[in-house]
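J.: Take this structure, written in structure tokens, and hold onto it; I'll ask about it next.
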Amino acid sequence: MIKFSEIKIFVGAVNVPSLGQWFTLPVSPSRVTQVLTEKGAIGSDTGNEEIMISDYEAPFKIDPYESIVKLNNMVESAKRAVENGVDEQTLADLYDQGLVLLDNTIDNQVENLVIIKAEDEDDLANEVIARRGGVGQLSNDEIETYFDFKKYGHDLILGGDFTKLPHGDYVEL
């Protein structure tokens, strides 16, 4: 998986896109211009003044004419999100699921999300209940919907905590 912090773009002249250079973001547009001019890819003597992104390594699609400044801002925002505890794979998944937009506010977007690390649905339920303060914090409707009262009652008897009297009452032992 390509990380947001390792995005690379191949920038070249519009007229000859293969004549260019790889850059790791963030990179200043002036640095791109300087390198491409030194390489002879662009400049007044080449007739190539416009640049484009002709290839890239990123966890999302990059338009050939995307602004390098915009890409830099997005990468910096993603780095801030990672610094605040969101891992790179989660960022990529959030984007793939349409839960974050690729702009300079990725860190703000993920800050407003509750992200729970869980292995499966059972683990998720346990984590949510723990975060909410335990089963006692669930509403009666939630308890009635998700709790198996018959099984619990059966286990109380099997466990020796209660015994059933012949006429239907139960006694706690």
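For the sequence shown, numbering that gives the first Met the number 0 assigns the number 0 to the initial residue and increments by one for each residue that follows. The C-beta atom is built at its ideal place from N, Cα and C for all residues, glycine as well. For clarity, every value in this text was computed on a predicted model and none was experimentally measured.
Taking only the alpha-carbon atoms, compute the straight-line gap between PHE3 and LYS60 and give it to the nearest angstrom.
T.: Going from the Cα of PHE3 to the Cα of LYS60 covers about 12 Å.
J.: Taking the runs of the alpha helix (DSSP H) that are 4 residues or longer, which of them lie wholly in the region 9-96?
T.: Runs found: 28-38, 67-82 and 87-95.
J.: At a cut of 8 Å, does the region 103-121 reach the region 136-146 through at least three beta carbon pairs?
T.: With the cut-off at 8 Å, the region 103-121 and the region 136-146 do not touch.
J.: Less than 8 Å separating the beta-carbons of ALA12 and ALA40?
T.: In contact: ALA12 and ALA40 (Cβ atoms closer than 8 Å).
J.: Give me whichever residues DSSP pairs with PHE161 in a beta bridge.
T.: PHE161 is bridged to GLU171.
J.: What three-state label does DSSP hand LYS181 in the structure shown?
T.: What is shown of the chain runs 0 to 172, which leaves residue 181 out entirely.
J.: For a quick check, are the C-beta atoms of LEU24 and ASN71 less than 8 Å apart?
T.: Closer than 8 Å, so yes.
J.: Label LEU172 either buried or exposed according to how many other C-beta atoms from any shown protein chain fall within 10 Å of its C-beta, with 16 as the threshold for buried.
T.: Exposed.
J.: Which residues bound the alpha helix (DSSP H) around ILE105?
T.: ILE105 -> alpha helix (DSSP H) spans 105-110.
J.: Give the DSSP bridge partners of LYS7, in chain order.
T.: DSSP, once it has assigned bridges, lists THR23 and GLU56 as partnering LYS7.
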